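S.K.:
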Amino acid sequence: MELGGSSILLTGGTGSFGKAFLRQALDELDPRRIVVFSRDELKQYEMRQVFGDDPRIRYFIGDIRDRERLRRAMHEIDYVVHAAALKQVDTAEYNPFEYVQTNVQGSQNVIEAAIDCGVRKVVALSTDKASSPINLYGATKLVADKLFVSANHYAAGHRTRFAVVRYGNVMGSRGSVIPFFARLAAEGRSLPITDKRMTRFWITLDQAVRFVMDSFGLMQGGELYIPRIPSMRIVDLAKAVAPECTVHEIGVRPGEKLHEEMIAPDDSHRTVRLSDRYVVMPTIATWGYTPPQAGESVSEGFSYRSDTNDMWLVRDDLRAMLASFG
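Quick note: the sequence shown uses UniProt numbering, first residue 1, plus one each step.
This is the structure we're talking about:
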């Protein structure tokens, strides 16, 4: 694998994805060095208790709003995984400019620091909420996606290349609805469902990590990679967690969609399908990009939505997945 034996920096490295990536990288890649870059000293302390004194790990306190700190952290770094972001949809509606400063300006700081430091490749993590966004969080992530794709233009004279990975809800991540449902069920309470028709894309943390790792080996720069993953109905998830509990609808929250989308119809003309993923190709590529040779073009007007997906998890599937997570 391309990342093997290299130096890697993880922004937002103390989050759910960062911890899962760190564990898998230490086990499989034998990295020379992994820098965990985040602004929360308590979470870094807690990570040190889990991972011990592995000499390959470096903990860096810093905020992606601080470009100079990023430059220092990226010294002699080969690869960057950009996972740092503010993510709560409702909080973003109340604090919009804070999200702009972190998700947009912070992303631009990552781009410029990576070019300045001669990083080889950067993969930025996106979200299904960035496709046809209706909330501030999704809008900032869409801007960030565009920044990372366009960064390849002015990095063309340098070795640094940028790509984006977009996926949906992550099973086992911090803030997942599963422990919330489990706690209510243990108390014998009804489970709140925003809308019984609601659907979501579903991916496990390990799948997300593997997808990101594989993307480094595939990317030329400028791609938006989207995994082919199943959808599930929120009501089926609730019944998988607590089969005997009742559910009640509370209504869709501000900024929330009934169904999520990862590829918009207007992007279909530049989307190809591979065995395990879709690739949305850049609109303008001045850095020598060539389309994937093995890709199959999708039909005109194709959209990748959680309610029209051709892959589904039913309740038995969800119960089996939950059991595997203990």
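Cβ coordinates follow ideal geometry from the N, Cα and C atoms, glycine included. The model shown is predicted, which means the values in this text are computed figures rather than measured ones.
If the criterion is Cβ atoms closer than 8 angstroms, does the pair Leu205 and Ala25 meet it?
M.R.: Going by C-beta atoms, Leu205 is not nearer than 8 angstroms to Ala25.
S.K.: Using the rule of at least 16 other Cβ atoms within 10 Å of the residue's Cβ for burial, across every protein chain shown, is Asp128 buried or exposed?
M.R.: buried
S.K.: Would a C-beta distance cut-off of 8 angstroms place His158 and Thr199 closer than the cut-off?
M.R.: no
S.K.: I'd like the ranges of any alpha helix (DSSP H) spanning at least 4 consecutive residues and lying wholly in the segment 234 to 274.
M.R.: 234 to 241
S.K.: When the Cα atoms are used, what is the spatial distance from Pro133 to Asp53?
M.R.: 42 angstroms
S.K.: Per the DSSP calculation, Asn169 is bridged to which residue(s)?
M.R.: Trp202
S.K.: Would you kindly report the start and end of the unbroken alpha helix (DSSP H) that includes Phe60?
M.R.: Element bounds for Phe60: not the alpha helix (DSSP H) but the beta strand (DSSP E), Ile57 to Ile61.
S.K.: Which residue comes first and which comes last in the alpha helix (DSSP H) that contains Thr91?
M.R.: Where Thr91 is concerned, the enclosing alpha helix (DSSP H) stretches over Val89 to Tyr94.
S.K.: For Ala83 versus Gly15, is the C-beta distance shorter than 8 angstroms?
M.R.: In this structure, Gly15 lies closer than 8 angstroms to Ala83 by Cβ.
S.K.: Could you check if Phe216 is buried or exposed, using at least 16 other CB atoms within 10 Å of its CB as the buried criterion?
M.R.: Counting Cβ neighbours within 10 Å, Phe216 comes out buried, since at least 16 surround it.
S.K.: Hey, quick one: how far does the beta strand (DSSP E) through His82 stretch, first residue to last?
M.R.: Tyr79 to His82
S.K.: If you reduce the DSSP assignment to three classes, tell me which class Arg69 lands in.
M.R.: helix
S.K.: Use the C-beta contact count for residue 381: other C-beta atoms within 10 angstroms, 16 or more gives buried, fewer gives exposed.
M.R.: Residue 381 is absent from the model: the chain starts at 1 and stops at 326.
S.K.: Which of helix, strand or coil does DSSP assign to Met232?
M.R.: strand
S.K.: Quickly, what does DSSP pair Thr11 with across the bridge? List them, please.
M.R.: Phe37 and His82
S.K.: Among residues of its own chain, excluding the 5 on either side of Asp307, which ones have a beta-carbon nearer than 6 angstroms to its beta-carbon?
M.R.: Thr199 and His259
S.K.: Are Val36 and Met74 closer than 8 angstroms when you measure CB to CB?
M.R.: no
S.K.: How should Ala85 be labelled, buried or exposed, when 16 other C-beta atoms within 10 angstroms of its C-beta is the threshold for buried?
M.R.: buried
S.K.: Sort Asp116, Arg56, Val247 and Gly18 by Cα distance to Leu191 and report the nearest one.
M.R.: Val247
S.K.: Taking Cβ positions, are Ile193 and Ala155 nearer each other than 8 angstroms?
M.R.: no
S.K.: Please classify Leu224 as buried or exposed, where buried requires at least 16 neighbouring CB atoms within 10 angstroms.
M.R.: The residue is buried, with at least 16 neighbouring Cβ atoms inside 10 Å.
S.K.: Could you name the residues of the same chain whose beta carbon sits closer than 7 angstroms to that of Leu274, not counting the 5 residues immediately before and after it, in chain order?
M.R.: Pro292, Ala294 and Gly295
S.K.: Look up Glu223 in the DSSP assignment and say whether it is helix, strand or coil.
M.R.: coil
S.K.: Would you kindly work out how many angstroms separate the C-alpha atoms of Tyr304 and Met262, rounded to a whole number?
M.R.: 5 angstroms
S.K.: Closer than 8 angstroms by C-beta to Arg71: which residues in its own chain qualify, once you throw out the five before and the five after it? Chain order, please.
M.R.: Ala113, Asp116 and Cys117
S.K.: Where DSSP assigns a beta bridge to Arg277, which residues make up the other side?
M.R.: Pro227
S.K.: What is the DSSP secondary structure of Arg48, reduced to helix, strand or coil?
M.R.: helix
S.K.: Can you tell me the Cα-Cα spacing of Val104 and Val81, whole angstroms?
M.R.: 16 angstroms
S.K.: Keeping to the same chain, check which residues put their C-beta closer than 8 angstroms to that of Ser7; ignore five residues upstream and five downstream.
M.R.: Pro31, Arg32, Arg33, Ile34, Val35, Glu76, Ile77, Asp78 and Tyr79
S.K.: Kindly list the residues whose CB is nearer than 8 angstroms to the CB of Met171, restricted to its own chain and excluding five residues on each side of it in sequence; keep chain order.
M.R.: Ile178, Trp202, Ile203, Thr204, Leu205, Met321 and Phe325
S.K.: Give me the Cα-Cα distance between Leu42 and Gly12, rounded to the nearest whole angstrom.
M.R.: 13 angstroms
S.K.: Between Ile250, Lys121, Lys141 and Asn95, which lies nearest to Ser107 when the distance is taken from Cα to Cα?
M.R.: Lys141
S.K.: From Asp195 to Leu237, what does the alpha carbon distance come to, in whole angstroms?
M.R.: One alpha carbon belongs to Asp195, the other to Leu237, and they sit about 13 angstroms apart.
S.K.: Is the CB-CB distance between Tyr289 and Gln207 below 8 angstroms?
M.R.: No.
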